[in-house]
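Trainee: Mind having a look at this structure? Questions to follow.
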Amino acid sequence: MGVKHHSILDQIGGTPLVPVNRLNANRNVEILAKLEFFNPGGSIKDRPALYMIEEAEESGELTKDKIILEATSGNTGIGLALVASVKGYRILLTMSESVSQERIKILKAMGAEIKFTPAHLGTDGAIETVYKLVREKPEKYWLADQFNNDANWMAHYHGTAMEIWEQTNGDLHVIVASMGTTGTLMGLAKRFGELKPEIQVIGVEPYLGHRIQGLKNMKESYRPGIFKKRKLHRIINIDDEEAYHTSRMLARKEGIFAGMSSGAAMAAALKLAGEMSKGRIVVILPDGGERYLSTPLFEVKRKSGLRLYNTFKRKKEDIVPIEENRITMYTCGPTLCHLIHLGQCRRFLFSDLIRRYLEFKGYQVTHIMNVTDLDDRTIEGAGKAGISLKDYTGKYYQAFLEDLEQLNIKRATEYPKASEHVDDMIKLTQKLLEKGYAYEKFRSVYFDISRFKDYGRLSRIDLDKIRLGKTVDLDQYEKENPRDFVLLKRATLNELKNGIFYQTRWGNVRPGWHIECSAMAMKYLAPTYDIHTSGVDLIFPHHENAIAIGHALTDKTPANYWVHNELVMINGKKPSRFSEEDTLFLRDILNHGYSGREVRYWIISHHYRKLIYFSWSKLETARNTIAHLDHFVRKLHFCQTAPGNPEMDQIVYDLRQRFTESMDDDFNVSAALAALFQFVHRINKIADRNGLSTD
878 MGVKHHSILD QIGGTPLVPV NRLNANRNVE ILAKLEFFNP GGSIKDRPAL
928 YMIEEAEESG ELTKDKIILE ATSGNTGIGL ALVASVKGYR ILLTMSESVS
978 QERIKILKAM GAEIKFTPAH LGTDGAIETV YKLVREKPEK YWLADQFNND
1028 ANWMAHYHGT AMEIWEQTNG DLHVIVASMG TTGTLMGLAK RFGELKPEIQ
1078 VIGVEPYLGH RIQGLKNMKE SYRPGIFKKR KLHRIINIDD EEAYHTSRML
1128 ARKEGIFAGM SSGAAMAAAL KLAGEMSKGR IVVILPDGGE RYLSTPLFEV
1178 KRKSGLRLYN TFKRKKEDIV PIEENRITMY TCGPTLCHLI HLGQCRRFLF
1228 SDLIRRYLEF KGYQVTHIMN VTDLDDRTIE GAGKAGISLK DYTGKYYQAF
1278 LEDLEQLNIK RATEYPKASE HVDDMIKLTQ KLLEKGYAYE KFRSVYFDIS
1328 RFKDYGRLSR IDLDKIRLGK TVDLDQYEKE NPRDFVLLKR ATLNELKNGI
1378 FYQTRWGNVR PGWHIECSAM AMKYLAPTYD IHTSGVDLIF PHHENAIAIG
1428 HALTDKTPAN YWVHNELVMI NGKKPSRFSE EDTLFLRDIL NHGYSGREVR
1478 YWIISHHYRK LIYFSWSKLE TARNTIAHLD HFVRKLHFCQ TAPGNPEMDQ
1528 IVYDLRQRFT ESMDDDFNVS AALAALFQFV HRINKIADRN GLSTD
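The sequence shown begins at 878 in our numbering and counts up one residue at a time.
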């Protein structure tokens, strides 16, 4: 028969130490994880909770007529609530309203009363509230005061440290723990300083502005009274994403389901293991992952973090990919009848910006951009030039690729040409006829928009108010309804003469513009893909018609997110698709001596949903800004070396955080660039004053 315990409190402590194998790349360094979620309350905070309460009982400070009071981010509160429930005390906890729902539910289940404080104040807001309550009614409360209570670190001095010493037989070199109240670190540092001073005790601190629940950055928060920085051998900063990623990898590769702060501690331990030639590291994992299920930490389908304005919904939305870690994206490409103009430059740069940013965030992006080589304008242009359609469009296709290179736009995954996918377009048209969404008349096939009740949702257009000269496909054919659009159009005599037609059961035809995009998107992506990007000039009729086709075929909208950039105004006018008047081509600008890089910066430095007004002076400003940034980069290469600057990691973290937060907010490039220029200013000051470290 096993040992009979007096209560569950006897189970606090004695947590296991297990090896970390697959995450640790250095086989000469052993990493042992102390799994504190084996405590009955699920975290390391059970230890100081019990110690603080029993110390207060012994001293007479805590009596049955007093309410236990504490500020907490969750785990200490759960530990205190556990002990209070066993011992029969009332307990009131103050905590930020931003803590996870799991922690709140656990606390309420244990009978704790909770007073929430504003999320933006973090744990500091909760601390301020408890001090106010105690000042007003000292006779009513016993304040645990974990940040100033020596019993906090003594719990680890007498308990955690001695367990580690016995479990390792004193054979270890480094201990790693994350920084919250710092009680764990202070207790470990004091005990191991007595037992074996050469053992390094390393603290893990989040950066300013972090989102790791339970941890504190000592600069932005009230510094715990028990914290003595000099007792630590080193402090390592870990950013949020690194902590989150390591938590996920602990579960996936080690079977250890741990929380955010555990991820931070393990990330630091892995860094240290990479620096060491041999040795043993013990890392404290403070709690388990169960209490973070309502946070982004373990989302089954993770949001990208990016919010974009969805034209279809008329609001900003979180981009949640259909398939985890992969984004599928379609962009309306060029019609091969002229060189690309500034409006198209903006369209292609915007899609490149989305793609690059999503790849920066770790996504695999499949990007399809169609190329229209079979169109009224390409056929007309080839006829005027007196060359074949293939030769005519081939010339502009090559120029298009060269211009993309000038703008440093990454090549799309595929550039499907309309002329190479006519069979796919004919098959889709047949399906639309079979489903009753299309009809044939005089050897042309049309989409019957009266069958699609949601027509106009994207553009918010009222079909009854459209003038008949402005039909939804701008083509003049014998339709049953002038507003219907053509899917397959009867070939003209000129097209027949030049062999530009396709034989079908309906006669000699060629595809219309709208069925082209639908067929290629479905073939290269899926019936439903993640993002469709283009300019606002293509919302109506092109995208409206593409949605109608896709929905008719699959009962779903082709793309989950329809994202449109505004136009580039030339001479104060919006350029027309069908006219080269008031159009400025990229090569016109390059011939004036400006680089594609300068054009790229000028365009993407504007918010994508705002009109851009072209002027040569604005291009000159962009040129000067690029020169300033280039000078900064050269300065970094040739700057004198200096000892490491403790501010540097925080400055880099600030840039990354502010930049990504701005870009995540619907590509707020003005705020993102402001973060970049502030970074340049701060680094310049350090470089000019002291030089820079080469580390």
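C-beta atoms are modelled at their ideal positions from N, C-alpha and C, and glycine is treated no differently.
Taking the straight line between their C-alpha atoms, what separation do you get for Asn1501 and Thr1205?
Mentor: Taking the sequence shown and counting its residues from 1, the one referred to as residue 1501 is at position 624. Taking the sequence shown and counting its residues from 1, the one referred to as residue 1205 is at position 328. For Asn1501 and Thr1205, the distance between alpha carbons rounds to 36 Å.
Trainee: Go ahead and pull the three-state DSSP assignment for Met1206.
Mentor: By 1-based counting over the sequence shown, the position of residue 1206 is 329. Looking at Met1206 - three-state DSSP - the assignment turns out to be strand.
Trainee: Within 10 Å of its beta-carbon, does Glu1443 have 16 or more other beta-carbons around it, so buried, or fewer, so exposed?
Mentor: For the purposes of this step, residue 1443 is taken as the residue at position 566 of the sequence shown. That one is buried.
Trainee: Quick check on the burial criterion: 16 or more other C-beta atoms within 10 angstroms. Buried or exposed for Tyr1273?
Mentor: Counting from 1 along the sequence shown, the entry for residue 1273 is found at position 396. Burial call: buried.
Trainee: Going by DSSP, which residues form a beta bridge with Gln978?
Mentor: Counting from one through the sequence shown, the residue named residue 978 turns up at place 101. In the DSSP output, where bridge partners are listed per residue, Gln978 has none listed.
Trainee: For Gly835, which of Ala1150, Glu913, Ile1256, Glu1118 has the nearest alpha-carbon?
Mentor: Here the chain has residues from 878 to 1572 only, and residue 835 is not among them.
Trainee: Would you report the Cα separation of Cys1209 and Pro1173, rounded to the nearest angstrom?
Mentor: In the sequence shown, counting from the first residue as 1, residue 1209 sits at position 332. In the sequence shown, counting from the first residue as 1, residue 1173 sits at position 296. Their backbone Cα atoms lie some 33 Å apart in a straight line.
Trainee: Count the other CB atoms within 10 Å of the CB of Gln1090; is the residue buried (16 or more) or exposed (fewer)?
Mentor: Within the sequence shown, the letter at position 213 stands for residue 1090. Buried.
Trainee: Per the contact definition of three or more C-beta pairs closer than 8 Å, is the segment 1123-1140 in contact with the segment 1157-1170?
Mentor: Contact holds: three or more Cβ-Cβ distances are below 8 Å.
Trainee: Run the CB neighbour count on Phe1104, radius 10 Å, all protein chains shown included, and call it buried at 16 or more, exposed below.
Mentor: As a first step, residue 1104 is located in the sequence shown; it is residue number 227 there, counting from the start. It is buried - the Cβ of Phe1104 has at least 16 other Cβ atoms within 10 Å.
Trainee: Just how far apart, CA to CA, sit Gln1023 and Thr1058?
Mentor: As a position in the sequence shown, residue 1023 is number 146, starting the count at 1. As a position in the sequence shown, residue 1058 is number 181, starting the count at 1. One C-alpha to the other measures close to 7 Å.
Trainee: Please list the terminal residues of the continuous alpha helix (DSSP H) segment that includes Tyr1323.
Mentor: Here residue 1323 refers to the residue found at position 446 when the sequence shown is read from its first residue. No alpha helix (DSSP H) holds Tyr1323; the beta strand (DSSP E) holding it covers 1321-1324.
Trainee: Considering only their Cβ atoms, is the gap separating Leu1335 from Glu1421 smaller than 7 Å?
Mentor: Taking the first residue of the sequence shown as position 1, residue 1421 is located at position 544. Taking the first residue of the sequence shown as position 1, residue 1335 is located at position 458. Yes. Within cutoff.
Trainee: Since Thr1249 and Pro1211 are thought to touch, with beta carbons under 8 Å apart, how far apart are those beta carbons, to the nearest angstrom?
Mentor: Walking along the sequence shown from the start, residue 1249 turns up at place 372. Walking along the sequence shown from the start, residue 1211 turns up at place 334. Indeed they touch by this definition, with Cβ atoms about 7 Å apart.
Trainee: So Trp1019 and Ile945 are supposed to be a Cβ contact under 8 Å. How far apart are they, rounded?
Mentor: Here residue 1019 refers to the residue found at position 142 when the sequence shown is read from its first residue. Here residue 945 refers to the residue found at position 68 when the sequence shown is read from its first residue. The pair is a contact, with the Cβ atoms about 6 Å apart (cut-off 8 Å).
Trainee: Looking at Ala1289: is its Cβ nearer than 7 Å to the Cβ of Ile1161?
Mentor: Position 412 of the sequence shown, counted from the first residue, corresponds to residue 1289. Position 284 of the sequence shown, counted from the first residue, corresponds to residue 1161. For Ala1289 and Ile1161, no; Cβs fall outside 7 Å.
Trainee: Once the 5 residues before and after Gly1346 are set aside, which same chain residues still bring their CB inside 7 Å of it?
Mentor: By one-based count along the sequence shown, residue 1346 stands at place 469. Caution is warranted here: a pLDDT of 45 is assigned to Gly1346, below 50, making its placement in the model unreliable, and no coordinate value can be reported.
Trainee: Please report how far the alpha carbon of Glu979 lies from the alpha carbon of Ile991, in whole angstroms.
Mentor: By 1-based counting over the sequence shown, the position of residue 979 is 102. By 1-based counting over the sequence shown, the position of residue 991 is 114. Using only the alpha carbons, I get a separation of about 14 Å.
Trainee: Could you give the uninterrupted runs of the beta strand (DSSP E) lying entirely in the segment 1153-1221, keeping only those of 3 residues or more?
Mentor: Listed in chain order, the complete beta strand (DSSP E) runs (minimum 3 residues) inside the segment 1153-1221 are 1156-1162, 1184-1187, 1192-1195, 1203-1208.
Trainee: Would you call the segment 993-1010 in contact with the segment 944-961, where contact means no fewer than 3 C-beta pairs closer than 8 Å?
Mentor: Touching, per the Cβ criterion.
Trainee: Measuring only the C-alpha atoms, how far is Leu909 from Gln1044?
Mentor: As a working note, residue 909 is residue 32 in the sequence shown. As a working note, residue 1044 is residue 167 in the sequence shown. Answer to the nearest angstrom: the Cα atoms are 10 Å apart.
Trainee: Given Leu1488, which residues of its chain have a CB within under 7 Å of its CB, disregarding the five upstream and five downstream residues?
Mentor: Position 611 of the sequence shown, counting from 1, holds the residue named residue 1488. These residues qualify, in order along the chain: Glu1443, Leu1444, Met1446.
Trainee: Are the Cβ atoms of Val1242 and Arg1232 separated by less than 7 Å?
Mentor: Numbered from 1 along the sequence shown, position 365 holds the residue referred to as residue 1242. Numbered from 1 along the sequence shown, position 355 holds the residue referred to as residue 1232. Their beta carbons are under 7 Å apart, which means Val1242 touches Arg1232 by this criterion.
Trainee: Counting along the chain, where does the beta strand (DSSP E) carrying Thr1243 start and finish?
Mentor: Against the sequence shown, residue 1243 aligns to sequence position 366. It spans 1241-1246 - the beta strand (DSSP E) in which Thr1243 sits, taken as one unbroken run.
Trainee: Mind checking who Phe1462 pairs with in its DSSP beta bridge?
Mentor: Along the sequence shown, read from residue 1 onward, the residue named residue 1462 stands at position 585. In DSSP, Phe1462 forms a bridge with His1218.
Trainee: What does the Cβ neighbour count give for Asp1432, buried or exposed, with the cut at 16 atoms within 10 Å?
Mentor: Position 555 of the sequence shown, counted from the first residue, corresponds to residue 1432. By the 10 Å Cβ count, Asp1432 comes out exposed.
Trainee: Identify the continuous beta strand (DSSP E) that holds Gly999 and give its terminal residues.
Mentor: Within the sequence shown, numbered from 1, the residue matching residue 999 stands at position 122. Per DSSP, Gly999 belongs to no beta strand (DSSP E); it is in the alpha helix (DSSP H), 999-1013.
Trainee: Roughly how far, in whole angstroms, is the beta-carbon of Thr1123 from the beta-carbon of Ile921, given that I think they are within contact range, below 8 Å?
Mentor: The count along the sequence shown starts at 1 and reaches residue 1123 at position 246. The count along the sequence shown starts at 1 and reaches residue 921 at position 44. That belief does not hold up - the Cβ atoms of Thr1123 and Ile921 are roughly 18 Å apart, past 8 Å.
Trainee: Can you give me the C-alpha to C-alpha distance between Leu1284 and Val1476, rounded to a whole angstrom?
Mentor: By 1-based counting over the sequence shown, the position of residue 1284 is 407. By 1-based counting over the sequence shown, the position of residue 1476 is 599. Near 7 Å, if we compare the C-alpha coordinates of Val1476 and Leu1284.
Trainee: Which parts of the segment 1224-1282 are runs of the beta strand (DSSP E), unbroken and 3 residues or longer, counting only runs that do not cross its ends?
Mentor: Runs of the beta strand (DSSP E) inside the segment 1224-1282: 1241-1246.
Trainee: With contact counted as at least three CB pairs below 8 Å, one residue from each stretch, are the segment 1494-1512 and the segment 1148-1155 in contact?
Mentor: Segments in contact, no.
Trainee: Is DSSP giving Trp1439 helix, strand or coil here?
Mentor: Start at 1 with the first residue of the sequence shown, and residue 1439 comes out as number 562. Three-state result, Trp1439: strand.
Trainee: Please state whether DSSP places Ile889 in a helix, a strand or coil.
Mentor: Numbered from 1 along the sequence shown, position 12 holds the residue referred to as residue 889. Three-state result, Ile889: coil.
Trainee: Give the DSSP-derived three-state secondary structure of Ala1403 in the structure shown.
Mentor: Here the question's residue 1403 lines up with position 526 in the sequence shown. Three-state DSSP puts Ala1403 in coil, outside helix and strand.
Trainee: Check whether the Cβ atoms of Ser1395 and His1441 lie closer than 7 Å to each other.
Mentor: Translated into the one-based positions of the sequence shown, residue 1395 becomes position 518. Translated into the one-based positions of the sequence shown, residue 1441 becomes position 564. Taking 7 Å as the Cβ cut-off, Ser1395 and His1441 do not qualify as a contacting pair.
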